[in-house]
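Chains as they are written, first to last, in this note's numbering: chain A, 1 to 159; chain B, 1 to 159.
By construction, the Cβ of each residue, glycine as well, lies at the ideal position given by its N, Cα and C atoms.
Taking it in order: structure first as structure tokens, then the write-up.
Printed below as a string of structure tokens:
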């Protein structure tokens, strides 16, 4: 892809979809998975409607695109979002192996509207000992057993 | 919760479930959402089986727990994982507002088995200009319109 907006559709479409999603009772976020000029899938924020804290627009679009392409990889595709993907969505994009991520508004816009995207980025940049939410390792003797089983399985499907 | 393993069930259950998931064709990961001694929901890695790169064990467990509790918040619950949650799963846990995250193996175990959890944590700690996957802002004049619509909606449901 080039430095110009993606071909075949406009960034305004994503912004307009995010605006419309607010009226529909969702969060102010929308996303597309595109492949060149083709829109593979779209998604809007459905957290409160679906009672799914992971139903961010980007995650919804990624899931939908994978179904459309019959693949757990979106290599060759780009993620286009109305707002900078939060750590959840950015990591989802990495796991989905998209070629590129493009966004319109950013974490500061989201923070102004009361969303924690920026706060969570800041948390990720600080030692976990400073987090309000404890995150702790409780290692056991068999901790590595799942990975040993994985490595011993000749027909494992890596991702 | 205390420094001892969670009551009413054992960390070994999560490890055993992760081992079993390998034999079932999934990735070597399992997770639980617990509330005190109660297991609210469990999840295993289903990325390749469901063609869903976001179907990590923790995400699957979070989604299932939210359905079980009829809520998009898991406040009062803990996430217990067979392996350190990757950035996707840790951010999902934060958005789900769990009280605590406990894990058995860690990102180094996962890396030994070929998984990118550690690599993605390292990416999150580096400037995006150094990433192999481009992540870029393409701000437009109407970038903030979704958030303006959100703030103007008196009956918005925040999360």
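Nearest CB-CB separation between residue 71/B and chain A: below the 8 Å threshold. Annotation: Cβ neighbours of residue 106/A in chain B (cutoff 7 Å, chain order): 137. Assigned with DSSP and collapsed to three states, residue 136/A falls in strand.
For the segment 33-65 of chain B, the residues whose beta carbon sits under 7 Å from a beta carbon of chain A are, in order, 47, 48, 51, 52, 53, 54, 59, 62, 63. Chain-ordered, the chain A residues with CB closer than 7 Å to the CB of residue 86/B read 91.
Straight through space, the alpha carbons of residue 39/B and residue 18/A are spaced by roughly 36 Å. Contact with chain B is found for residue 114/A, since one of that chain's Cβ atoms lies less than 8 Å from the residue's Cβ. Interface flag for residue 127/B against chain A is unset, since no Cβ pair is found closer than 8 Å. Residue 52/A sits buried, since 16 or more C-beta atoms from the chains shown fall within 10 Å of its C-beta. Within its own chain, the residues whose Cβ lies closer than 7 Å to the Cβ of residue 128/A, once the five positions on either side in sequence are excluded, are 135, listed in chain order. By the criterion of a C-beta distance shorter than 7 Å, residue 46/A is surrounded in its chain by 26, 52, 55, 60, once the five residues flanking it on both sides are discounted. By the criterion of at least three beta-carbon pairs nearer than 8 Å, the segment 85-101 of chain B is not in contact with the segment 61-76 of chain A. The beta-carbon separation of residue 146/B and residue 22/A, rounded to 6 Å, stays under the 8 Å limit for a contact. Look at residue 66/A here: in three-state DSSP terms it is helix.
One alpha carbon belongs to residue 122/B, the other to residue 138/A, and they sit about 22 Å apart. In the DSSP annotation of this structure, the continuous segment of the beta strand (DSSP E) that includes residue 35/B starts and ends at 30-35.
Cβ neighbours of residue 118/A within its own chain (closer than 6 Å, five residues either side excluded): 107, 111. In this structure, DSSP gives residue 121/A a helical state, which the three-state scheme calls helix. Contact of residue 13/B with chain A is not assigned, every C-beta pair being separated by 8 Å or more. 57/B is the residue among 49/B, 57/B, 50/B whose C-alpha sits nearest the C-alpha of residue 15/B. The beta-carbon separation of residue 84/B and residue 103/B, rounded to 5 Å, stays under the 8 Å limit for a contact. Residue 82/B belongs to the set of residues whose beta carbon lies under 8 Å from a beta carbon in chain A. Here residue 41/B is near residue 33/B, since their CB atoms are less than 8 Å apart.
Beta-bridge analysis with DSSP links residue 103/A to 81/A, 137/B.
Contact of residue 130/B with chain A by beta-carbon distance below 7 Å is absent, the smallest such distance being about 14 Å. About 23 Å separates the Cβ atoms of residue 74/A and residue 113/B, ruling out a contact at the 8 Å cut-off. Around the beta-carbon of residue 76/A, fewer than 16 other beta-carbon atoms lie within 10 Å, marking it exposed.
Under the 10 Å beta carbon count, residue 28/A is surrounded by 16 or more other beta carbons and is classified as buried. In the three-state reduction of the DSSP assignment, residue 108/B falls in the helix class, which pools H, G and I. In the DSSP assignment, residue 41/B falls within the beta strand (DSSP E) that extends over 38-44. The residues 31, 58, 103, in chain order, have a CB closer than 6 Å to that of residue 81/B in the same chain once the five nearest residues on each side in sequence are set aside. Under the three-state reduction of DSSP output, residue 59/A falls in the helix class. One thing to note: residue 142/A has its Cβ within 8 Å of the Cβ of residue 12/B.
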